[in-house]
Amino acid sequence: MDFKKQVVDTLIKVLPEEITEEQVTKLIEKPKTSDLGDYAFPTFILAKSLHKAPKMIAEELVGQLDTTGFEKVVNTGAYINFFLDKKAFSNAVIREVLTQKDNYGNADDGKGRNVPIDMSSPNIAKPMSMGHLRSTVIGNSIAKIITKLNYQPVKINHLGDWGTQFGKLIVGYKLWGSEEEVEADPINNLLKYYVRFHKEAEEKPELDDEARAWFKRMEDGDKEALALWTWFKELSLKEFQTIYDRLDVQFDHFTGESFYNDKMDAIVNTLEEKGLLEESRGAEIVDLSEYDLSPALIKKTDGATLYITRDLAAAKYRKDTFDFVKSLYVVGSEQAEHFTKLKIVLKKMGYDWADDIVYIPFGLITTGGKKLSTRKGNVILLDDVLNDAVNLAKKQIEEKNPNLKNKDAVAEAVGVGAVVFHDLKNDRRDSFDFNLEEVVRFEGETGPYVQYTNARALSILRKAGDVDYADATDVSVTDDEAWDTIKMLQNFPDVVERAAKEYEPSVIAKYVLKLAKSFNQYYAHSKILADDEGLKARLSLVKSVSTVLQMSLALLGVKAPEEM
Ligand code: ARG
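In case it helps, my numbering puts the sequence shown at residues 10 to 573.
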């Protein structure tokens, strides 16, 4: 299956001795358009040693090459263009996909080693935001992608479940809340008390003192304080769980910030031993001015620990527990400085594994160009978004395929899939505007378009009836219209590799859009089901395409309905 190697082997025989196989491999390009062949070799580096113009070198070399195994080899200017033999190539690629099935594209880069992924991590007693949605779906997709390369992801939900805000929440609840109200609609009502607390505390600063006192009671293990906190947490988790269920995302650990309460003393001690801790206006800090950064605040004046203190403990805990090769954090780009500081402090503490911490930032979601903000009321609630998307999908299904069985389940898969796909198709660092109509379209660069293409492929296969795709007959497809699709199939393992290296699900999303598009073009231009000798090979191609479409969607965490 290694066609690049075939090109290298052919070239090396006619190149000057001092050029190594490695050099050639590096220089070979994949031309952008198929009229320039499937691989191209630029001859520029030979100009000096051969004392000739690159164009002339290319011309001469083409004359000397042994072209067996290629359709043709030509030169275009200074390049040597290799056109692969379509028959051999397509047969090998389709065969490979059909035999490997879901293992196609697997590799052993990770050797089974652990990679914790800090993902989702919403704050309890607050609605899950679109930002947490992004963290959830990006993290989930990265977990699936690296699994193909035999890394063992450990999905960790680092819940925001500790901190002074819970003191405020308890005060608010005690003043204005009731058990019935909270049970009826937990997160919205808890949010209501929290917002009201902030408003009233502006006039009555004594409320802040009360809140601090309640948080202190929490930290001291006070029964009543902890019972309330546990209750808030359980209710929040229950609501979050409905969203995780819809997204079909599971976690290995729900170890939130509170999990590190008994693990921070050790961190503070180490900081002290290493002489890194300084006092500054009553607080304990690590000075980072040599990096042009504000200090890392480790302990407040009242002894309360902070976000970064808990992250230091969490990082250490993950190294000790999972002995990770890499430790990933999928968190919005607004926290870039926090993670820079975290890594620097860990390094200062003498932990070289801090270099294996990878911060994976992502951009904001806006609506109508505006930033979303809980406080300004400019929020879109995730559940609403998913519901709206599902309703829109349902409407389109009603129009296109009113007799479809289990319409509701398909609409759920299409609507939710559309939102997830939309979130993953852009480079994760880009901010993007959220427009539901655009997200759920069945055409264009959307999840439903890919799902629809797969359903169409499956419907062809159903019409063909029982075919044994496992037998080893010739399955080459040499139609020009199929060529791009076949080449894209061959490219899939490289695409997975690149997505993993860059921690970038959009690499998969962009690829699968292109694959769907090229397959639809093939479909429009050929009679796949025509009863001639090429039928089995064409069906094998369709089967391979649907295998790779489904695998790609699965890597993004998007479902692939059989009919829609
Ligand atoms: N709960 C935080 C927030 O919503 C995100 C936590 C990210 N993970 C971490 N280890 N700091 O902003």
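Ideal placement from N, C-alpha and C gives every residue a C-beta, glycine not left out.
Please read these numbers as outputs of a predicted model, since none were measured by experiment.
| query | So, helix, strand or coil for Glu-454, using DSSP? | reply | Shown here, Glu-454 sits in coil according to DSSP, grouped into three states, outside any helix or strand.
| From Lys-183 to Asp-118, what distance separates their C-alpha atoms? | Rounded to whole angstroms, Lys-183 and Asp-118 show a C-alpha spacing of 54 Å.
| request: For the beta strand (DSSP E) containing Val-82, list its first residue and its last residue. | output: In the DSSP assignment, Val-82 falls within the beta strand (DSSP E) that extends over 79-85.
| query | Which whole-angstrom value describes the C-beta separation of Leu-107 and Lys-552, a residue pair presumed to lie in contact below a C-beta threshold of 8 Å? | reply | The pair is a contact, with the Cβ atoms about 6 Å apart (cut-off 8 Å).
| Contact check, Leu-548 vs Ile-537, beta carbons under 9 Å | In this structure, Ile-537 lies closer than 9 Å to Leu-548 by Cβ.
| message | For the beta strand (DSSP E) containing Lys-164, name the first residue and the last one. | response | Start and end: 161-165.
| request: Put Arg-60 into one of helix, strand or coil per three-state DSSP. | output: According to the sequence as given, residue 60 is His; it is not Arg. Reduced to three states, the DSSP call for His-60 is coil.
| message | Quick check on Ala-116: buried or exposed, where buried means 16 or more other Cβ atoms within 10 Å of its Cβ? | response | With a threshold of 16 other beta carbon atoms within 10 Å, Ala-116 falls short and is exposed.
| request: From the DSSP output, in three-state form, read off Leu-233 for me. | output: One detail in the question is off: residue 233 reads as Glu in this sequence, not Leu. Correct three-state label for Glu-233: helix.
| field | Inter-residue Cα distance where the pair is Met-573 and Ser-138 | value | Their Cα atoms are separated by approximately 30 Å.
| request: Using three-state DSSP, classify Gly-169 as helix, strand or coil. | output: Residue state, collapsed to three classes: strand.
| query | If you count every other CB in all the chains shown that lies within 10 Å of the CB of Pro-411, and 16 or more means buried, which is it? | reply | Flag for Pro-411 reads exposed.
| query | Hey, Leu-168 and Pro-131: beta-carbon distance below 9 Å or not? | reply | Taking a C-beta distance under 9 Å as the contact criterion, Leu-168 and Pro-131 qualify as a contact pair.
| task | May I have the straight-line CA-CA distance separating Val-262 from Asn-166, to the nearest angstrom? | result | The residue you asked about is not Val; residue 262 is His in the sequence shown. Separation of His-262 and Asn-166 (C-alpha to C-alpha, rounded to the nearest whole angstrom) is 6 Å.
| query | Taking the C-alpha atoms as reference points, what is the distance between Glu-282 and Glu-212? | reply | One Cα belongs to Glu-282, the other to Glu-212, and the distance between them is close to 43 Å.
| For Asp-320, the first and last residue of its enclosing alpha helix (DSSP H) | Unbroken alpha helix (DSSP H) run through Asp-320: 316-331.
| task | Compute every distance between the C-beta of Ala-323 and the non-hydrogen atoms of the ligand ARG, then say whether any falls below 8 Å. | result | Within the cutoff, so yes.
| Distance cut-off 8 Å: Tyr-520 Cβ against heavy atoms of the ligand ARG | No; taking the cut-off as 8 Å, the Cβ of Tyr-520 has no heavy atom of the ligand ARG nearer than that.
| Does the beta carbon of Tyr-338 fall short of 8 Å from some heavy atom of the ligand ARG? | At a cut-off of 8 Å, the beta-carbon of Tyr-338 counts as near the ligand ARG: some heavy atom of the ligand is closer than that.
| Cβ of Asn-132 versus every heavy atom of the ligand ARG: is any distance shorter than 8 Å? | Yes - the ligand ARG has a heavy atom lying nearer than 8 Å to the Cβ of Asn-132.
| message | Under 8 Å: does the beta carbon of Asp-261 sit that close to some heavy atom of the ligand ARG? | response | Not one heavy atom of the ligand ARG lies closer than 8 Å to the C-beta of Asp-261.
| request: Check the DSSP bridge columns for Val-367 and list the partner residues they point to. | output: Beta-bridge partners assigned by DSSP to Val-367: Leu-337.
| request: Measure the alpha-carbon distance for Lys-309 versus Phe-260 and round it to whole angstroms. | output: Those two C-alpha atoms are separated by around 32 Å.
| said: Let me confirm a value: Val-476 is counted as buried when at least 16 other C-beta atoms fall within 10 Å, else exposed. Which label applies? | reply: Counting Cβ neighbours within 10 Å, Val-476 comes out exposed, since fewer than 16 surround it.
| field | Reduced DSSP category for Ala-479 - H, G, I as helix; E, B as strand; rest coil | value | Three-state result, Ala-479: coil.
| said: By the three-class DSSP mapping on this structure, what secondary structure does Asn-123 have? | reply: DSSP places Asn-123 in strand when its eight states are reduced to three.
| query | Based on the DSSP secondary-structure assignment, which residues constitute the bridge partners of Ala-305? | reply | DSSP output for Ala-305 lists Val-295 as bridge partner(s).
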